[in-house]
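First residue of the sequence shown: 1, per full-length UniProt numbering; consecutive thereafter. For glycine and all other residues, C-beta sits at the position ideal for the given N, C-alpha and C. None of these values were measured; they are calculated from a predicted model. One structure below.
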Amino acid sequence: MPVQIGGGKVSEPRTRVDLSPTAVGDKARASSRKKSRNKKKAPAATSAAPVLPMQRLFDTSREVFLESSPGFVPPPDAVARLAALLNDLKPHDVGIDPCMPCFKHNDSKGPPQVTYLHFYDCSKFSFGIFCLPKSGVIPLHNHPGMTVFSKILFGSMYLKSYDWAKSLPDSSTNALENSDGTRLAKVNTDDAFDDSSETIVLYPENGGNLHCFTALTPCAVLDVMGPPYNRADGRDCAYYSEAPYSSSCGGDNQFSWLKEIPSTFEMKGIQMVRKFVA
Numbered sequence: 001m002p003v004q005i006g007g008g009k010v011s012e013p014r015t016r017v018d019l020s021p022t023a024v025g026d027k028a029r030a031s032s033r034k035k036s037r038n039k040k041k042a043p044a045a046t047s048a049a050p051v052l053p054m055q056r057l058f059d060t061s062r063e064v065f066l067e068s069s070p071g072f073v074p075p076p077d078a079v080a081r082l083a084a085l086l087n088d089l090k091p092h093d094v095g096i097d098p099c100m101p102c103f104k105h106n107d108s109k110g111p112p113q114v115t116y117l118h119f120y121d122c123s124k125f126s127f128g129i130f131c132l133p134k135s136g137v138i139p140l141h142n143h144p145g146m147t148v149f150s151k152i153l154f155g156s157m158y159l160k161s162y163d164w165a166k167s168l169p170d171s172s173t174n175a176l177e178n179s180d181g182t183r184l185a186k187v188n189t190d191d192a193f194d195d196s197s198e199t200i201v202l203y204p205e206n207g208g209n210l211h212c213f214t215a216l217t218p219c220a221v222l223d224v225m226g227p228p229y230n231r232a233d234g235r236d237c238a239y240y241s242e243a244p245y246s247s248s249c250g251g252d253n254q255f256s257w258l259k260e261i262p263s264t265f266e267m268k269g270i271q272m273v274r275k276f277v278a
């Protein structure tokens with residue numbers, strides 16, 4: 001089955017990439033009894049092996065989203081802990097670099113294809129990396145009932161995000177929602193970010209729950225989402241068009257009308273083979 005990821009349908013993964021540590025080969029047997037007799041036992045380990053960055057990300061995400069359900073917001077200290085861990089992640093920690101084919105736009109006839117490297121998902125949370133070539137776009141979409149952590153690992157991108165408006169910006173006769181399904185939203189973020197930027201966190205009702213990405217350079221974004229999208233539970237990803245808001249006093253660039261639209265946006269999915277210790 002195709003992996004269901006926010007921001008677009010993910011095509012059936014055709015590639016499995018094994019990022020597990022290379023197995024160490026068996027040692028050659030001693031060729032003589034003398035060598036066997038003189039062979040010394042390896043000293044016992046005095047300390048535990050260091051926890052790899054991706055295992056640490058799995059452990060922390062599992063703790064933060066232990067009670068995850070639609071609308072769940074982790075407590076502030078948990079948000080700070082996971083965000084700090086993501087802030088410290090580097091591309092080599094997750095096994096990627098800008099020279100990988102998924103960051104290049106080789107087809108001049110169509111828009112750059114976005115690739116999703118899928119590492120893990122369960123009913124509580126998921127995480128993976130969105131790989132965008134220069135000018136690659138993830139269209140405006142939502143995250144129903146979700147808390148999402150996004151960290152740019154390298155490159156730069158333009159981010160525009162909205163939250164649904166809770167009140168009208170003026171005393172006009174406009175409503176928050178029109179009969180044709182358009183709904184008023186307020187701009188949360190409208191700026192460029194790069195790998196020096198700290199982790200961006202959006203919440204079920206605020207923080208820029210509806211957002212779109214446009215890659216200014218080849219870039220990689222690691223997302224941790226909880227709970228993940230679930231079509232069976234009615235929490236599928238929706239896409240939106242934007243139209244300017246205007247009132248009797250003129251335009252207001254802090255608000256836009258958003259309308260849900262069909263989308264043919266698809267990403268290439270690559271299932272990463274990574275074993276995590278629960």
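Counting beta carbon pairs with one atom in the segment 188 to 197 and one in the segment 226 to 237, are three or more of them shorter than 8 Å? no
Once the 5 residues before and after F119 are set aside, which same chain residues still bring their CB inside 6 Å of it? In the sequence shown, residue 119 corresponds to position 119, counting from 1. Cβ within range, chain order: F127, G128, M272, R274.
Taking the alpha carbon of F265 as the point to measure from, which residue in T115, D180, C219, K134 has its own alpha carbon closest? For the purposes of this step, residue 265 is identified with residue 265 of the sequence shown, where counting begins at 1. Measuring from the Cα of F265, the nearest candidate turns out to be T115.
Three-state secondary structure (DSSP) of P101: Indexing the sequence shown from 1 puts residue 101 at position 101. P101: helix per DSSP, three-state reduction.
Drop a sphere of 10 angstroms on the beta-carbon of L258, count the other beta-carbons inside from all chains shown, and report buried for 16 or more, exposed for fewer. For the purposes of this step, residue 258 is taken as the residue at position 258 of the sequence shown. So L258 counts as buried.
Start-end ranges of the alpha helix (DSSP H) lying completely within the segment 62 to 142, minimum 4 residues: 76 to 88, 91 to 94
Neighbourhood of L57 by C-beta, 8 Å cutoff - its chain only, sequence neighbours within 5 removed: On the sequence shown, residue 57 is found 57 positions in, with the first residue counted as 1. So the list reads L85, L86, L89, F127, V224, once near-sequence residues are dropped.
Look at M157 and V221 and say whether their C-beta atoms are less than 9 Å apart. As a first step, residue 157 is located in the sequence shown; it is residue number 157 there, counting from the start. As a first step, residue 221 is located in the sequence shown; it is residue number 221 there, counting from the start. Yes, Cβ-Cβ distance for M157 and V221 is below 9 Å.
Which residue marks the beginning of the beta strand (DSSP E) containing S150, and which one marks its end? Mapped onto the sequence shown, residue 150 falls at position 150. From DSSP, the beta strand (DSSP E) with S150 extends over 147 to 154.
To the nearest angstrom, how far is the alpha carbon of P74 from that of K109? Your numbering for residue 74 matches position 74 in the sequence shown. Your numbering for residue 109 matches position 109 in the sequence shown. Spanning the two alpha carbons is a distance of roughly 44 Å.
Minimum C-alpha distance to I138 - residue among S241, I270, N253: Residue mapping note: residue 138 aligns to position 138 of the sequence shown, counting from 1. Among S241, I270, N253, the Cα nearest to that of I138 belongs to S241.
Between Y203, L216, P218, which has its C-alpha nearest V79's C-alpha? On the sequence shown, position 79 is the one that residue 79 refers to. Taking only the C-alpha atoms, the option nearest V79 is Y203.
In the DSSP assignment, find the beta strand (DSSP E) that holds R274 and state where it starts and stops. Start at 1 with the first residue of the sequence shown, and residue 274 comes out as number 274. Here R274 belongs to no beta strand (DSSP E), and DSSP marks it neither H nor E.
G208 and L159: beta carbons closer than 9 Å? In the sequence shown, the residue the question calls residue 208 occupies position 208. In the sequence shown, the residue the question calls residue 159 occupies position 159. In this structure, L159 lies closer than 9 Å to G208 by Cβ.
Return the first residue and the last residue of the beta strand (DSSP E) that C237 is part of. As a working note, residue 237 is residue 237 in the sequence shown. Taken as a continuous stretch (DSSP letters only), C237 belongs to no beta strand (DSSP E), as it is neither H nor E.
Distance CB(D163)-CB(K134) smaller than 9 Å: As a working note, residue 163 is residue 163 in the sequence shown. As a working note, residue 134 is residue 134 in the sequence shown. It is not a contact, given that the beta carbons lie outside the stated cut-off.
Please state the DSSP three-state secondary structure of K27. Taking the sequence shown and counting its residues from 1, the one referred to as residue 27 is at position 27. Confidence is the limiting factor: at K27 the pLDDT is only 38, short of 50, which leaves the residue's position unreliable, though a coordinate-based value still follows. K27: coil per DSSP, three-state reduction.
Paired residues, beta bridge with F265 - DSSP: As a position in the sequence shown, residue 265 is number 265, starting the count at 1. Answer is none; F265 lacks a bridge partner.
Shortest alpha-carbon distance to R183 belongs to which of I261, L216, F130, Q113? In the sequence shown, counting from the first residue as 1, residue 183 sits at position 183. Checking every option, the nearest Cα to that of R183 belongs to I261.
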